[in-house]
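K.L.:
Under my numbering, the residue at position 101 of the sequence shown is numbered 101, and the numbers go up by one with no gaps.
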Amino acid sequence: MGDNTEFMKTLKEAVTKVKPFRLLTEGITRSFHNGIATFLKVKGVNCEYRLSAEAPHVGATILSTNIDTFVKHSDTLTEEIFGPVTLIVQCKNIDELFKGLSVLGKKFFTKLTSFQMDNLLQQFMLNPPINM
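#1: Return helix, strand or coil for Val15, following the three-state DSSP convention.
#2: Ser64 lies in the beta strand (DSSP E); which residues open and close that run?
#3: To the nearest angstrom, how far is the alpha carbon of Lys17 from that of Ile81?
#4: Excluding the five sequence neighbours on either side, which residues of its own chain have a C-beta within less than 6 Å of the C-beta of Ile88, listed in chain order?
#5: Taking Thr86 as the reference, give the member of Gly59, Leu101 and Asp95 with the closest Cα.
#6: Of all the options Thr78, Lys41 and Phe21, which has the alpha carbon lying nearest to the alpha carbon of Ser52?
#7: Rounded to whole angstroms, what's the CA-CA distance from Phe7 to Lys41? Just pull it up for me.
#8: May I ask you to list the residues that DSSP assigns as paired with Asn34?
#9: Would Tyr49 and Thr61 be called neighbours here (beta carbons separated by less than 8 Å)?
#10: Can you tell which of Thr5, Pro84 and Leu101 has the C-alpha that lies nearest to the C-alpha of Ile15?
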């Protein structure tokens with residue numbers, strides 16, 4: 001798990017290729033901008049990348065935080081924002097990963113990415129979490 005520098009670099013490079021576009025309605029566009037603003041009001045949430053766009057278009061946004069901030073503010077940070085935005089939650093180990101997963105429930109789509117996935121799966125098989 002650990003350092004995500006290479007992942008963030010690759011993600012930013014990919015996202016820069018996405019052109020601004022229109023969401024379905026003005027209301028969804030407003031909710032998109034309000035949702036990002038709400039996330040950014042949480043101390044410990046950072047904007048890693050945001051493509052500027054002229055209204056009514058929106059640009060892709062990458063936000064990041066650590067696991068402690070995510071869990072502490074899970075009521076806010078697990079709210080779905082419809083549009084081109086992602087929140088990267090960095091975990092240092094498998095215990096932190098399961099700490100984060102425990103607050104998600106079935107709220108929204110979650111993508112699990114790790115540069116050390118084999119090690120992660122091995123740890124999981126050797127020490128499965130009791131509450132999962």
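Don't be surprised by glycine CBs; every beta carbon is placed ideally from N, CA and C.
These numbers were taken from a predicted model, which means no experiment stands behind them.
P.N.:
Taking the definition as stated:
#1: helix
#2: Thr61 to Asn66
#3: 21 Å
#4: Ser64
#5: Gly59
#6: Phe21
#7: 25 Å
#8: According to DSSP, which records beta bridges pairwise, Asn34 is partnered with nothing at all.
#9: Taking 8 Å as the Cβ cut-off, Tyr49 and Thr61 qualify as a contacting pair.
#10: In the sequence on display, residue 15 carries Val and not Ile. Of the listed residues, the one whose Cα sits closest to Val15 is Pro84.
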